[in-house]
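Q: Sending over a structure as structure tokens; questions will come in a sec.
2 protein chains.
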Amino acid sequence: MLKRSISFLRSLNLMRLREGIQATRPTSSQLHHMISERKRREKLNESFHTLKSLLPPGTKKDKASVLTTAREYLTSLRAQVAELSKRNQQLEARLPPAAKEAYNEEAAGSSNERVSVTLTQVVSESTPDQDQQIFDLQVVLRSVECCTEDMVIRILEFLKQVNNVSLMSLEANTWMSGSDSNVNRVILRLRVDQGTEWDEAAFQEAVRRVVADLALNNCRNQ
Amino acid sequence: MLKRSISFLRSLNLMRLREGIQATRPTSSQLHHMISERKRREKLNESFHTLKSLLPPGTKKDKASVLTTAREYLTSLRAQVAELSKRNQQLEARLPPAAKEAYNEEAAGSSNERVSVTLTQVVSESTPDQDQQIFDLQVVLRSVECCTEDMVIRILEFLKQVNNVSLMSLEANTWMSGSDSNVNRVILRLRVDQGTEWDEAAFQEAVRRVVADLALNNCRNQ
DNA sequence: TAGAACACGTGAACC
DNA sequence: TGGTTCACGTGTTCT
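Taken in order, these protein sequences are the chains called A and B.
First residue of the first sequence? That's 1 in full-length UniProt numbering, and the numbers climb one at a time after it.
First residue of the second sequence? That's 1 in full-length UniProt numbering, and the numbers climb one at a time after it.
This is the structure we're talking about:
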């Protein structure tokens, strides 16, 4: 009903312009002017609509409301960005202790391996005990489905079977990486009684097989 | 130079309206209408200017340019917020919740209970999401026989049954305390989807029962 | 000179 | 019934 009246008005003015030929008026340029102004208005309204579509959905369709809420929303976003980057900086400053390894892993994402296992001996200057050694075992698993719970459970149950290692401490994290895959990282500090035989490479390979098997099974189930 | 012509136009039209008295026209309401429209335009232009002042300083003063660059700037800010909060979440997940050692000692030392479970909500100012909350669950178990592996496994398997909580990070330690008993401490950072019902006390009690049951069984077995 | 941008007053529609 | 918002055509200035 609104569109119809607008079209009516337009045709009416067009008629008037065509009648102007009798009145010997330079309507040729006036018509261009009219059309240009019309185009300009359409373009402006278009921008108004697209801008409104980006604002929080409860916004009024008023032009004034669009402008003011755009202003408010913009300042709000700015404040969010400032606060987030500040918080981010704080977090990154506090991070160094253990996260560099994971950071390296993330940066080394060029490797397409879904599971990586590294085993490094901890040289503890405080207790240079000869009959037992301490190792840090880090397991990183990239997977869509595997949850950290299953991963930790599997590793711990495997560890219980190995009778000359005991768990000192354990740290596990999970976070999103890229589009949809998430990264599970587990770091275990192990005390190894050196009395019996201890094959470092074999142990590491066994852990790798356990985790890879878990990933395969989970992918199969879902 | 522009202002002068505008003022001239205004006075001219005012004169025309006053002449309308002779023509017996109801110009009383027309004048109000005119003034209202004028006010509306001023207000709108004001909003345009204030909006432009918030945009990057190189912006054209065109109304169309203001609208389009506002749109672009807004989407850019949105993307920044999304990326920052994502990065922030990664950092927070990787940050061990170990800043409460003193708090742990206090909670563990005051009570003679062999198992203590504390659940504290993490107020994250960076991601104030309403539909999900973050909790730190700390479980401390004094026992002679129970190894940390069993404790972690039991807690994680219980957690898998609760379907609206997911594990963000996990930290476990064990150390000697006093003569022969050792202390196992597990701290879990949990994300709780607030959609369903969430009884904090019930959850805490359930965890306590699970761990206490584990301790009893292990003592019986050994 | 052509074209873009703006402010203006006015009629109409919606509450 | 007024109050508010909108689209329209037009005149003017700047490039």
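Virtual Cβ for every residue (Gly too), placed ideally from N, Cα, C.
All values reported here derive from a predicted model rather than from experimental measurement.
Using 10 angstroms around the beta-carbon of A:Gln90, count the other beta-carbons present and answer buried if the total reaches 16, otherwise exposed.
A: Your numbering for residue 90 of chain A matches position 90 in the first sequence. So A:Gln90 counts as exposed.
Q: Please report how far the alpha carbon of A:Ile187 lies from the alpha carbon of A:Ser166, in whole angstroms.
A: For the purposes of this step, residue 187 of chain A is taken as the residue at position 187 of the first sequence. For the purposes of this step, residue 166 of chain A is taken as the residue at position 166 of the first sequence. Those two C-alpha atoms are separated by around 14 Å.
Q: If we count Cβ pairs, one from each stretch, closer than 8 Å, do we get three or more for the stretch 76–92 of chain A versus the stretch 72–84 of chain B?
A: Taking 8 Å as the limit for Cβ pairs, the verdict is that the stretch 72–84 of chain B does touch the stretch 76–92 of chain A.
Q: In chain order, what residues of the same chain have a beta carbon less than 8 Å from the beta carbon of B:Pro56, not counting five sequence neighbours either side?
A: Counted from its first residue, the second sequence places residue 56 of chain B at position 56. If we look at B:Pro56 and ignore the five residues flanking it on each side, its Cβ neighbours are Thr69 and Tyr73.
Q: Verify the CB distance criterion: does B:Lys100 have a CB-CB separation below 9 Å to chain A?
A: The residue given as residue 100 of chain B occupies position 100 in the second sequence. In this prediction, B:Lys100 scores a pLDDT of 47, lower than 50, which makes its location untrustworthy; the coordinate-derived value is nonetheless stated afterwards. It does not; no Cβ of chain A falls within 9 Å.
Q: Between the Cα of A:Asn182 and the Cα atoms of A:Arg191, A:Leu190, A:Cys147 and A:Met151, which residue gives the shortest distance?
A: As a working note, residue 182 of chain A is residue 182 in the first sequence. It is A:Cys147.
Q: With DSSP as the reference, please indicate the residues paired to A:Asp193 in a beta bridge.
A: Sequence index remark: in the first sequence, residue 193 of chain A carries index 193 (1-based). Looking at the DSSP assignment, A:Asp193 forms a beta bridge with A:Gln132.
Q: CB-CB under 6 Å to A:Met168, same chain, minus the five flanking residues each way: which ones, in chain order?
A: Looking up residue 168 of chain A in the first sequence gives position 168. If we look at A:Met168 and ignore the five residues flanking it on each side, its Cβ neighbours are Arg189 and Arg191.
Q: Tell me which residue opens and which closes the alpha helix (DSSP H) that A:Val162 is part of.
A: Taking the first residue of the first sequence as 1, we reach residue 162 of chain A at position 162. That residue, A:Val162, is in no alpha helix (DSSP H); it is neither H nor E in DSSP.
Q: Helix, strand or coil: which one does DSSP assign to B:Ser177?
A: Residue 177 of chain B sits at position 177 when you count from the first residue of the second sequence. Looking at B:Ser177 - three-state DSSP - the assignment turns out to be coil, as it is neither helix nor strand.
Q: Ignore the nearest five residues each way along the sequence and tell me which others in A:Gln194's own chain have a CB closer than 7 Å to its CB.
A: Along the first sequence, read from residue 1 onward, the residue named residue 194 of chain A stands at position 194. If we look at A:Gln194 and ignore the five residues flanking it on each side, its Cβ neighbours are Asp131, Gln132 and Gln133.
Q: In terms of residue numbering, what span does the beta strand (DSSP E) encompassing B:Thr118 cover?
A: In the second sequence, the residue the question calls residue 118 of chain B occupies position 118. Here the beta strand (DSSP E) through B:Thr118 covers Val115 to Val122.
Q: With DSSP as the reference, please indicate the residues paired to A:Arg185 in a beta bridge.
A: Looking up residue 185 of chain A in the first sequence gives position 185. In the DSSP output, where bridge partners are listed per residue, A:Arg185 has A:Val140 and A:Asn173.
Q: Is any beta-carbon of chain A found at less than 9 Å from that of B:Asp213?
A: For this step, residue 213 of chain B is matched to residue 213 along the second sequence. Not one chain A Cβ lies under 9 Å of B:Asp213.
Q: DSSP on A:Leu167, reduced to helix/strand/coil?
A: On the first sequence, residue 167 of chain A is found 167 positions in, with the first residue counted as 1. In the structure shown, A:Leu167 sits in a strand (DSSP, three-state: E or B).
Q: Measure how close the beta-carbons of B:Leu211 and B:Leu141 come, nearest whole angstrom, since I'm counting them as under 8 Å.
A: Here residue 211 of chain B refers to the residue found at position 211 when the second sequence is read from its first residue. Here residue 141 of chain B refers to the residue found at position 141 when the second sequence is read from its first residue. The question names Leu, yet the displayed sequence has Val at residue 211 of chain B. Right, their Cβ atoms sit about 6 Å apart.
Q: Do we get a CB-CB distance below 9 Å when we pair A:Ile153 with the residues of chain B?
A: On the first sequence, residue 153 of chain A is found 153 positions in, with the first residue counted as 1. It does: the Cβ of A:Ile153 has a partner Cβ on chain B nearer than 9 Å.
Q: How big is the Cα-Cα spacing for A:Met176 and A:Leu156?
A: As a working note, residue 176 of chain A is residue 176 in the first sequence. As a working note, residue 156 of chain A is residue 156 in the first sequence. Whole-angstrom Cα-Cα distance: 24 Å.
Q: From B:Leu51 to B:Glu92, what distance separates their C-alpha atoms?
A: What you label residue 51 of chain B is simply residue 51 of the second sequence in a count that begins at 1. What you label residue 92 of chain B is simply residue 92 of the second sequence in a count that begins at 1. Those two C-alpha atoms are separated by around 35 Å.
Q: Taking B:Phe48 as the query, report the chain A residues whose CB atoms sit under 9 Å from its CB, ordered along the chain.
A: If you number the second sequence from 1, residue 48 of chain B lands on position 48. What B:Phe48 touches in chain A: Leu67.
Q: Classify B:Glu46 as buried or exposed, calling it buried when 16 or more other Cβ atoms lie within 10 Å of its own Cβ.
A: Walking along the second sequence from the start, residue 46 of chain B turns up at place 46. Looking at its Cβ environment, which holds fewer than 16 other Cβ atoms inside 10 Å, B:Glu46 is exposed.
Q: The alpha helix (DSSP H) with A:Lys60 in it runs from where to where?
A: Translated into the one-based positions of the first sequence, residue 60 of chain A becomes position 60. Careful: A:Lys60 lies outside any alpha helix (DSSP H) and carries neither H nor E.
Q: Between A:Asn164 and chain B, is there a C-beta pair that is closer than 9 Å?
A: Counting from one through the first sequence, the residue named residue 164 of chain A turns up at place 164. With 9 Å as the cut-off, A:Asn164 does not count as an interface residue toward chain B.
Q: Return the CA-CA distance between B:Arg71 and B:Arg40, expressed in angstroms with no decimal places.
A: If you number the second sequence from 1, residue 71 of chain B lands on position 71. If you number the second sequence from 1, residue 40 of chain B lands on position 40. Cα-Cα distance, rounded: 23 Å.
Q: Using DSSP with H/G/I as helix, E/B as strand and the rest coil, what is A:Glu205?
A: For the purposes of this step, residue 205 of chain A is identified with residue 205 of the first sequence, where counting begins at 1. Helix, per DSSP.
Q: Answer with buried or exposed for A:Glu205, where buried requires no fewer than 16 other C-beta atoms within 10 angstroms of its C-beta.
A: Residue numbering aside, residue 205 of chain A sits at position 205 when the first sequence is read from its first letter. Result: exposed.
Q: Please list the partners that B:Glu149 has in chain A, where partner means a Cβ-to-Cβ separation under 7 Å.
A: Taking the second sequence and counting its residues from 1, the one referred to as residue 149 of chain B is at position 149. Residues of chain A passing the Cβ test: Leu156, Leu159, Lys160 and Leu167.
Q: What did DSSP end up calling A:Asp199 once you bin it into helix, strand or coil?
A: One-based indexing of the first sequence puts residue 199 of chain A at position 199. The answer is coil: DSSP assigns A:Asp199 none of H, G, I, E or B.
Q: Can you confirm whether B:Ala202, when its beta carbon is compared against all beta carbons of chain A, has any partner nearer than 9 Å?
A: Reading the second sequence from its first residue, position 202 is the one you call residue 202 of chain B. No, its Cβ sits nowhere closer than 9 Å to a Cβ of chain A.
Q: Just to confirm my understanding: we take B:Leu170, look at its own chain, exclude 5 residues before and 5 after, and list those with CB closer than 6 Å. What are they?
A: The residue you call residue 170 of chain B lines up with position 170 of the second sequence. Excluding residues within five positions, the ones whose Cβ falls inside 6 Å are Leu188.
Q: Using only the alpha-carbon positions, how far apart do B:Gln121 and A:Glu42 sit?
A: Residue numbering aside, residue 121 of chain B sits at position 121 when the second sequence is read from its first letter. Residue numbering aside, residue 42 of chain A sits at position 42 when the first sequence is read from its first letter. Cα to Cα, B:Gln121 sits roughly 52 Å from A:Glu42.
Q: If you draw a straight line from the alpha carbon of A:Phe135 to that of A:Val123, how long is it in whole angstroms?
A: Start at 1 with the first residue of the first sequence, and residue 135 of chain A comes out as number 135. Start at 1 with the first residue of the first sequence, and residue 123 of chain A comes out as number 123. Distance between the alpha carbons of A:Phe135 and A:Val123 is about 9 Å.
Q: At the level of alpha carbons, what is the spacing between B:Val115 and B:Leu216?
A: Residue numbering aside, residue 115 of chain B sits at position 115 when the second sequence is read from its first letter. Residue numbering aside, residue 216 of chain B sits at position 216 when the second sequence is read from its first letter. Looking at the two C-alpha atoms, the distance is approximately 11 Å.
Q: Taking the straight line between their C-alpha atoms, what separation do you get for B:Leu54 and B:Met34?
A: Along the second sequence, read from residue 1 onward, the residue named residue 54 of chain B stands at position 54. Along the second sequence, read from residue 1 onward, the residue named residue 34 of chain B stands at position 34. Using only the alpha carbons, I get a separation of about 31 Å.
Q: Could you give the residue range of the alpha helix (DSSP H) that holds B:Glu145?
A: On the second sequence, position 145 is the one that residue 145 of chain B refers to. Per DSSP, B:Glu145 belongs to no alpha helix (DSSP H) and is neither H nor E.
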